[in-house]
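Down below is the structure, laid out as structure tokens.
There are 2 protein chains.
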Amino acid sequence: MITVKALFFDVFGTLVDFRTGVAREAETILARAGHRLDWLAFADAWRNEYQPAMEEIRAGRAPFCKLDVLHRRNLDRILPRFGVAELAEAAARDLNLAWHRLPAWPDVPAGLARLKRGFLLAPVSNGNISLMVDLARRNNFPWDAILGAEIARDYKRKPRVYLAACEAFDLPPGDCMMVAAHSDDLQAAAKCGLRTAHVARPNERGPGIGEVAPTVPVDVAAANLEDLAAKLGA
Amino acid sequence: MITVKALFFDVFGTLVDFRTGVAREAETILARAGHRLDWLAFADAWRNEYQPAMEEIRAGRAPFCKLDVLHRRNLDRILPRFGVAELAEAAARDLNLAWHRLPAWPDVPAGLARLKRGFLLAPVSNGNISLMVDLARRNNFPWDAILGAEIARDYKRKPRVYLAACEAFDLPPGDCMMVAAHSDDLQAAAKCGLRTAHVARPNERGPGIGEVAPTVPVDVAAANLEDLAAKLGA
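Chains as they are written, first to last, in the working numbering: chain P, 2 to 235; chain L, 2 to 235.
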């Protein structure tokens, strides 16, 4: 039996459905402004700017800034590609907060409630604190604290992000477990000494596009958060 | 009517009873090791080292370290004064965690639950994240995030601590309210542009030793957290 004291969660893709969530928010806001576009393609395009934007910071070419700021820069970059030449500032700001209003995958609220009885729980996401707080309020995520990129002032998969989370809880990495639907996130956490749990999200990036199983060694591979709770004895 | 979006809470003295709490923990741990001393005087002595220890960091003479570390240094300093010459390391560590196990004042759990329906809630305490997490678990504090000294890397009453909390929630200071039983804390927050609420804790430092009312101008003066909720319309 694996015994850890804290569970750290990736959020985008692992706990919340960003693809259909962003698509739905974009449709609500942009259709009101008279635009018609491929909403899922728009969500994919926005998300595709995510890693390159963080890479500037990870590589030390730009100082740390919150993910909300990167999301806004990326939004301004992709809107013209979808034929949205001009968007009122208020609408653009509102659209940028789409990421604060994403829905959880159906197993998540009950799974986290069960895990909370046995473990300290925190997001270790690249999302900023206010974004994590809004998602938690919307979806009843029972966090003990909001950890992750904003605390560490760097972005995953940099080791500092995982280690800062362990330090905040005064725990050695071996007492902490990273939970994610992405093998590269788990591989980076394992290199820092954390235990790892994979959660399958087979439709994360569209039907049949997502990790069904980990591609790296992990301590636990779970079908969803309720399965994870069962496998951790919670 | 004052409208704010977030409430920030001082914790030691305002939400939890550190004096009798530390005294009780000290008695449990030190009596087991054969010591007999004035437990309340011991709690007072430990707390009296608190401001001087933080002042080294506020003044820039020492780098930031967590309050747990300062508490331990202060503990080692005062134990000999109470005739405790030698204490096993495990007992000293356990005693240092007395601050993680303090009880809330009776009005706090229900008051926070009520306030949670209308406001974002976070501790803005000098206590470190793990300490705040342990107090929250023990007393059912429903925090949205743990803010405060460890996030700001400095100690109240330095402005950075209040401003870092506002920034974490993406709110201007005027949308945030500091809640404390200590007028100097509120005065410092007000200088940063935050709204302020005083909570009376007339017996904080012993019978009749505590602030019954604020000694500085505040936006709200409350008898306790339930009264605060009523006055804020929550």
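In this text, a Cβ means the ideal position worked out from N, Cα and C, and glycines have one as well.
Between residue i and residue j, is the Cβ-Cβ spacing less than 8 angstroms?
i       : j       : result
M55(L)  : L71(L)  : yes
W1(P)   : V23(P)  : With chain P represented from 2 up to 235, any question about residue 1(P) goes unanswered, as that position is not in the structure.
V221(P) : P124(P) : no
R139(L) : E227(L) : no
K6(P)   : F83(P)  : no
M178(P) : L16(P)  : no
A191(P) : E212(P) : no
L88(L)  : A166(L) : no
L229(L) : G128(L) : no
L96(P)  : E28(P)  : no
P174(L) : C193(L) : yes
F43(P)  : L103(P) : no
K159(L) : R74(L)  : no
A236(P) : A214(P) : Shown here, chain P extends from 2 to 235; a query on residue 236(P) therefore has no answer.
F65(P)  : R161(P) : no
H36(L)  : V109(L) : no
V134(L) : F10(L)  : no
R118(P) : A32(P)  : no
L195(P) : Y163(P) : yes
A275(L) : I30(L)  : Because chain L spans 2 through 235 in this model, residue 275(L) falls outside it and cannot be assessed.
Using the beta-carbon count (16 or more within 10 Å), is residue i buried or exposed?
i       : result
E168(L) : buried
T197(L) : buried
D171(L) : buried
M2(P)   : exposed
D69(P)  : buried
R39(L)  : First, the residue type needs correcting, since residue 39(L) is Asp and not Arg in the sequence shown. Answer is exposed; the Cβ neighbour count stays below 16.
I210(L) : exposed
A137(P) : buried
G14(P)  : buried
A63(P)  : exposed
A105(L) : buried
Just reading off the beta strand (DSSP E) that residue i is part of, what are its end residues?
i       : result
M178(P) : C177 to A181
L122(L) : L121 to S126
H199(L) : R196 to V200
L8(L)   : A7 to F10
A223(P) : V221 to A223
Check whether the Cβ of residue i lies closer than 8 angstroms to any Cβ atom in chain P.
i       : result
S126(L) : no
L16(L)  : no
I130(L) : yes
I210(L) : no
V5(L)   : no
A230(L) : no
Looking at the unbroken alpha helix (DSSP H) that takes in residue i, where does it start and where does it end?
i       : result
L229(P) : L226 to K232
V70(P)  : L68 to I79
A137(L) : I130 to N140
A91(L)  : E90 to N97
R161(P) : P160 to A169
D185(L) : S184 to K192
E56(L)  : Y51 to R59
P110(L) : V109 to K117
E151(P) : A150 to A153
L31(P)  : F19 to R33
Flag residue i as yes if its beta-carbon sits less than 8 angstroms from any beta-carbon of chain B, otherwise no.
i       : result
F170(P) : The chain inventory of the structure shown lacks chain B, comprising the protein chains P and L.
Of all the CB atoms in chain L, is at least one closer than 8 angstroms to the CB of residue i?
i       : result
R74(P)  : no
A1(P)   : This structure does not reach residue 1(P), given that chain P is present from 2 up to 235, and the question cannot be answered.
V152(P) : Checking the displayed sequence, the identity of residue 152(P) turns out to be Ile instead of Val. True, the Cβ-Cβ gap to chain L drops below 8 angstroms.
A222(P) : no
L121(P) : yes
V134(P) : yes
D145(P) : yes
Legend entry - Three-pair Cβ contact test at 8 angstroms for the stretch 144-156 of chain L versus the stretch 44-51 of chain L: no
Legend entry - Stretch pair the stretch 208-225 of chain P + the stretch 178-198 of chain P: three plus CB contacts closer than 8 angstroms: yes
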